[in-house]
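Novice: Each residue of the sequence shown is one higher than the one before, counting from 1 in full-length UniProt numbering.
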Amino acid sequence: MTDVVVQHLIHHTMTRIRCNDLVKKVAIYGHKLAVQLSDRLHIYRQIKGDGESEQLEYTLCERINKAFDCSLLVVCSNHLILCDERRLQCYDHKGLKQREWQLESAIRYIKVIGGPPGRETILIGLREGQVCKLFVDNPFPVQVLKLNGPIKCIDISVTRRHIAVVDDSGICVVFDAKTKEVLFEEPNCNSVAFNNDNEDIICYSGNSKLTVRARGYPGHQQRMFGFVVGFSGNKVYCLHIYAMQAIEVPFSNQLYQYIENKEYQKAYDLACLGVTSEDWQILAKDAIMNLECDIAKKAFARYKDYRNLQLVHEIKEMLAANEPEYLIRAHVLCYEGKFQEAAALYRANGDDNHLDKAVQLITENDWMDLAINVMRKLERSDVDSLRRLANYFIRKSEYNMAARIYGNINDIKAMAQMHVAAGHWTDAFAIADRYPKYIEDRSDVDSLRRLANYFIRKSEYNLAARIYGNINDIKAMAQMHVAAGHWTDNQPFTRHSSETLLNMARYLAAQEPVPNISQVLINYTMARIGRELGAYKLARDTLDRLGNLRVPPRLQRDVELMTVNIRAKPFSDAEDLLPVCHRCGLNNPLTCGMNCVHCKTPFQYSFATFEILPLIEFYIDDDIPAEEAVSLVESEPPLSDSNFNPFQNVAKKSGEIRLNRDDLTRLEKGQVIILHWPEPLKTRFLFNQMPSISVSKCPSCNK
């Protein structure tokens, strides 16, 4: 009796306001709360509680020390409305009277229906059956409707287009606010409310039942006690005795009514208020069957049906191509697995002779016997249908039937790919031996390369090398023979030292990703051996890179242990492991790549140990032919220039060094390595900075 409890029905929060006096009347509107006590009136303002996790909180903002005598109290943003029989009085929040209205009969129902602050609209129901509307800032009330009996309850839709009225006889009548036309009537009602989010949905209560109804359709009833006071989303708020409760109502019946009459936009708007995923599915599939692509797309997206979203995309493409409607409907039926219905639709539209559609139905419905019969009847010219059947036979592991089809249409490439995918190596090589003429065709060479790549992924390097030998790809064949040696990072016995293995891994890591060589093993090798040799910074960097790669399960535990252990090591590399640039003389980090990080000079690697050789490339003037340059280098230098070094007395320590004829004659022949390449490649010249180190090259590959 002396406390006011305010409950937020959406966020399920509440607060208690202690008034320490007899509470006579309470009114709430928006963030304002008016409480009439025995000799004064308090106005509170909500300061917290709009968020889901916020506690509801009110603060006293105005105190009017005056006793008001009224039967009904209404609060607005800036005003108070007091009702006494047929008289309405308007006060501001300071207690000053603003205006007064005299109505034709006693007021039975009053409700603030919104509006700008200080200009709110109030809906009033009178004893003589009038429904009036007045504005807080206007002294003249406006009569909206006139009924025959006293008004008991009124509500208006969110767009002000429809008005619902319940009279004392329990009849609920819904009017068009503009034309005053009666839209429908319903007996045995005591309260009514429009949905705040969809004006076509209305609910009313009476005889312990709640009825939810879509405009123009029959209503759906469920048991409920009390009076309806609000309807928002899919929740109806009702007052039963002294308790306010929120009841969640289903919209399935109203949704099906809209779908049955193909009102898909209204159905979608209603579904957005809250329906089950099954209802979304029904709406989406019915919409796509009736080619309502936009509604179907949004409905499929609601319950994340990505497969049918692809169907919507295909239907849009078919509509853009002006495909017949029956073809589109048949396509939808096939997507849903209703192949018999799709076939009947084709037959009904005279498409009995379309073999591609028949083959599609046969393969998707898994009719093996029909597939074999159709295969025997098809001509060789029906290539697309035969390919579809071949793919179906492959899925069913009927490789002989698929090979027979590929042989009939002379598709040797597809036959080879089928045997490779199935692991039939003997059959795959038999194809290569049986059809040698196709090797000369570029497209068939590409097919064999793909076959070789498949063997490589399966670690069948010898088989891949055999294929490369058949197509005269000697370089690739050599790579496969090297790979067949099974160089790995974790062999217990190897002829290479740890430093050499680390150099190999660093060299491979600096290159573009090489086919058939695992980036995981390269980085794993650098991390493991680098940690053993004291290259802790290198190991830390490579372990970070391994975090972005797909590490096989057999190495996962080692990588995790190394990642933990490396944190206890210093963030540096052993100085004796750092590569030295033989031009500028500075150390480089182990992750420097193929060039010096200081002078940008390219490194020359030994392909025996993959160490950096003391070789620096120099260039000759453009007017000197390569043959003349070679002869000048091979000539005896003057005795005074026996130790001539073209890089020693150069002012700049980076960039190209070009030598003229005089410089070439001063070079010591034993310090120059000449790399001869066939045309159109140019001959290259390398200078040995450390003549005490003997360097030799391969005459074939110049490595």
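Glycine included, C-beta positions come from ideal geometry on N, C-alpha and C.
1) Give the straight-line distance between the Cα atoms of methionine 526 and phenylalanine 607, rounded to the nearest whole angstrom.
2) So if DSSP puts methionine 401 in a beta bridge, which residue, or which two residues, is it bridged to?
3) Pop quiz: glutamate 100 and glutamine 89 are said to be a contact at Cβ under 8 Å. What is the actual Cβ separation, rounded to whole angstroms?
4) Is it buried or exposed for arginine 434, if we count other Cβ within 10 angstroms and need 16 for buried?
5) Please state the DSSP three-state secondary structure of asparagine 702.
6) Going by DSSP, name the residue or residues bridged to valine 597.
7) In the DSSP assignment, what residue or residues form a beta bridge with aspartate 3?
8) With distances taken between CB atoms, is the gap from asparagine 148 to glycine 129 smaller than 8 Å?
9) For my contact list, asparagine 290 and phenylalanine 300 are in at a C-beta cut-off of 8 Å; report their separation, rounded to the angstrom.
10) Please name the residue in Asn400, Ile409, Phe227 whose C-alpha comes closest to that of arginine 387.
11) Exposed or buried, arginine 376, counting other C-beta atoms within 10 Å across all chains shown (16 or more means buried)?
12) State the Cα-Cα distance for the pair methionine 1 and isoleucine 241, rounded to the nearest angstrom.
13) Using CA atoms only, rank isn't needed, just tell me which of Lys235, Gln257, Cys238 is closest to glycine 219.
14) DSSP beta-bridge partners for histidine 42?
15) Of all the options Arg18, Val23, Leu538, which has the alpha carbon lying nearest to the alpha carbon of proline 570?
16) Would you be able to state if there are at least three C-beta pairs under 8 Å between the segment 57 to 69 and the segment 111 to 120?
17) Classify valine 633 as helix, strand or coil using the three-state DSSP reduction.
18) Using CA atoms only, rank isn't needed, just tell me which of Ala246, Lys413, Glu292, Ala177 is closest to tyrosine 268.
19) Work out the CA separation of valine 229 and alanine 193 for me, nearest whole Å.
20) Quick test of the definition: if touching needs 3 or more C-beta pairs under 8 Å, does the segment 583 to 591 touch the segment 548 to 555?
21) For the alpha helix (DSSP H) that contains lysine 316, what are its first and last residues?
22) Using the beta-carbon count (16 or more within 10 Å), is arginine 701 buried or exposed?
23) Label threonine 363 either buried or exposed according to how many other C-beta atoms from any shown protein chain fall within 10 Å of its C-beta, with 16 as the threshold for buried.
24) Quick check on this structure: which residue in Ile107, Met401, Pro117, Arg531 has the alpha carbon closest to the alpha carbon of histidine 31?
25) Can you tell me whether DSSP reads methionine 244 as helix, strand or coil?
26) What are the boundary residues of the alpha helix (DSSP H) that includes valine 74?
27) In this structure, how does DSSP classify threonine 13 when only helix, strand and coil are distinguished?
28) Mark residue 704 as exposed unless 16 or more other C-beta atoms lie within 10 angstroms of its C-beta, in which case mark it buried.
29) How would you write the range of the alpha helix (DSSP H) that lysine 285 sits in, first residue to last?
30) Would you mind reading off the limits of the alpha helix (DSSP H) that contains serine 498?
31) Less than 8 Å separating the beta-carbons of aspartate 201 and glutamine 254?
32) At the level of alpha carbons, what is the spacing between arginine 404 and serine 385?
33) Spatial neighbours of glutamine 143 within its chain, please: CB distance less than 6 Å, with the 5 preceding and 5 following residues excluded, ordered by chain position.
34) Around the Cβ of tyrosine 58, are there at least 16 other Cβ atoms within 10 angstroms (buried) or fewer (exposed)?
35) The alpha helix (DSSP H) that contains glutamate 617, what's its start and end?
36) Mind checking tyrosine 306: buried by the 16 CB within 10 Å criterion, or exposed?
Specialist: Reading it off the structure:
1) Numbered from 1 along the sequence shown, position 526 holds the residue referred to as residue 526. Numbered from 1 along the sequence shown, position 607 holds the residue referred to as residue 607. Each residue's alpha carbon lies about 18 Å from the other.
2) Here residue 401 refers to the residue found at position 401 when the sequence shown is read from its first residue. Beta-bridge pairing links methionine 401 to no other residue.
3) Position 100 of the sequence shown, counted from the start, is the residue given in the question as residue 100. Position 89 of the sequence shown, counted from the start, is the residue given in the question as residue 89. Sure, about 5 Å apart at Cβ, within 8 Å.
4) Within the sequence shown, the letter at position 434 stands for residue 434. So arginine 434 ends up on the exposed side.
5) Numbered from its first residue, the sequence shown carries residue 702 at position 702. Three-state DSSP puts asparagine 702 in coil, outside helix and strand.
6) Reading the sequence shown from its first residue, position 597 is the one you call residue 597. None, per the DSSP bridge assignment.
7) Start at 1 with the first residue of the sequence shown, and residue 3 comes out as number 3. Beta-bridge pairing links aspartate 3 to Arg18.
8) Sequence index remark: in the sequence shown, residue 148 carries index 148 (1-based). Sequence index remark: in the sequence shown, residue 129 carries index 129 (1-based). Going by C-beta atoms, asparagine 148 is nearer than 8 Å to glycine 129.
9) In the sequence shown, the residue the question calls residue 290 occupies position 290. In the sequence shown, the residue the question calls residue 300 occupies position 300. About 14 Å separates the two Cβ atoms, so there is no contact after all.
10) Looking up residue 387 in the sequence shown gives position 387. For the set Asn400, Ile409, Phe227, the Cα lying nearest the Cα of arginine 387 is the one of Ile409.
11) The residue you call residue 376 lines up with position 376 of the sequence shown. The residue is exposed, with fewer than 16 neighbouring Cβ atoms inside 10 Å.
12) Here residue 1 is taken as the residue at index 1 of the sequence shown, counted from 1. Here residue 241 is taken as the residue at index 241 of the sequence shown, counted from 1. Cα to Cα, methionine 1 sits roughly 16 Å from isoleucine 241.
13) Start at 1 with the first residue of the sequence shown, and residue 219 comes out as number 219. Of the listed residues, the one whose Cα sits closest to glycine 219 is Gln257.
14) Here residue 42 refers to the residue found at position 42 when the sequence shown is read from its first residue. In the DSSP assignment, histidine 42 is bridged to Val35, Arg63.
15) Here residue 570 is taken as the residue at index 570 of the sequence shown, counted from 1. With respect to the C-alpha of proline 570, the residue from Arg18, Val23, Leu538 having the closest C-alpha is Leu538.
16) The segment 111 to 120 is not in contact with the segment 57 to 69.
17) The residue labelled residue 633 in the question sits at position 633 within the sequence shown. Helix at valine 633.
18) In the sequence shown, residue 268 corresponds to position 268, counting from 1. Nearest C-alpha to tyrosine 268 among Ala246, Lys413, Glu292, Ala177: Glu292.
19) Within the sequence shown, the letter at position 193 stands for residue 193. Within the sequence shown, the letter at position 229 stands for residue 229. Those two C-alpha atoms are separated by around 7 Å.
20) These segments do not touch.
21) Along the sequence shown, one-based indexing puts residue 316 at 316. For lysine 316, the uninterrupted alpha helix (DSSP H) run begins and ends at 306 to 320, by DSSP.
22) In the sequence shown, counting from the first residue as 1, residue 701 sits at position 701. The identity of residue 701 in the sequence shown is cysteine, whereas the question assumes arginine. A residue is called buried once 16 or more other Cβ atoms fall within 10 Å of its Cβ, and cysteine 701, having fewer, is exposed.
23) In the sequence shown, counting from the first residue as 1, residue 363 sits at position 363. By the neighbour-count criterion, in which 16 or more other beta carbons inside 10 Å mark a residue as buried, threonine 363 falls on the buried side.
24) For the purposes of this step, residue 31 is taken as the residue at position 31 of the sequence shown. For histidine 31, the nearest C-alpha among the options comes from Pro117.
25) Indexing the sequence shown from 1 puts residue 244 at position 244. DSSP, reduced to helix, strand and coil, places methionine 244 within a strand of the structure shown.
26) Reading the sequence shown from its first residue, position 74 is the one you call residue 74. Premise fails: valine 74 lies in the beta strand (DSSP E), 72 to 75, not in any alpha helix (DSSP H).
27) Along the sequence shown, read from residue 1 onward, the residue named residue 13 stands at position 13. It is a strand residue.
28) The requested residue 704 does not occur in the structure, where the chain is confined to residues 1 to 703.
29) In the sequence shown, counting from the first residue as 1, residue 285 sits at position 285. Note, lysine 285: alpha helix (DSSP H), 277 to 289.
30) Here the question's residue 498 lines up with position 498 in the sequence shown. Annotation for serine 498: the continuous alpha helix (DSSP H) segment containing it runs 498 to 510.
31) Here residue 201 refers to the residue found at position 201 of the sequence shown. Here residue 254 refers to the residue found at position 254 of the sequence shown. The question names aspartate, but residue 201 in the sequence shown is isoleucine. For isoleucine 201 and glutamine 254, yes; Cβs fall inside 8 Å.
32) As a position in the sequence shown, residue 404 is number 404, starting the count at 1. As a position in the sequence shown, residue 385 is number 385, starting the count at 1. Straight through space, the alpha carbons of serine 385 and arginine 404 are spaced by roughly 14 Å.
33) The count along the sequence shown starts at 1 and reaches residue 143 at position 143. Hits under 6 Å: Gln130, Cys132.
34) Translated into the one-based positions of the sequence shown, residue 58 becomes position 58. In this structure tyrosine 58 is buried. Its beta-carbon is surrounded by 16 or more other beta-carbon atoms within 10 angstroms.
35) Start at 1 with the first residue of the sequence shown, and residue 617 comes out as number 617. From DSSP, glutamate 617 is part of no alpha helix (DSSP H) but of the beta strand (DSSP E) over 615 to 620.
36) In the sequence shown, the residue the question calls residue 306 occupies position 306. Classified as exposed, tyrosine 306 has fewer than 16 neighbouring CB atoms from the shown chains inside 10 Å of its CB.
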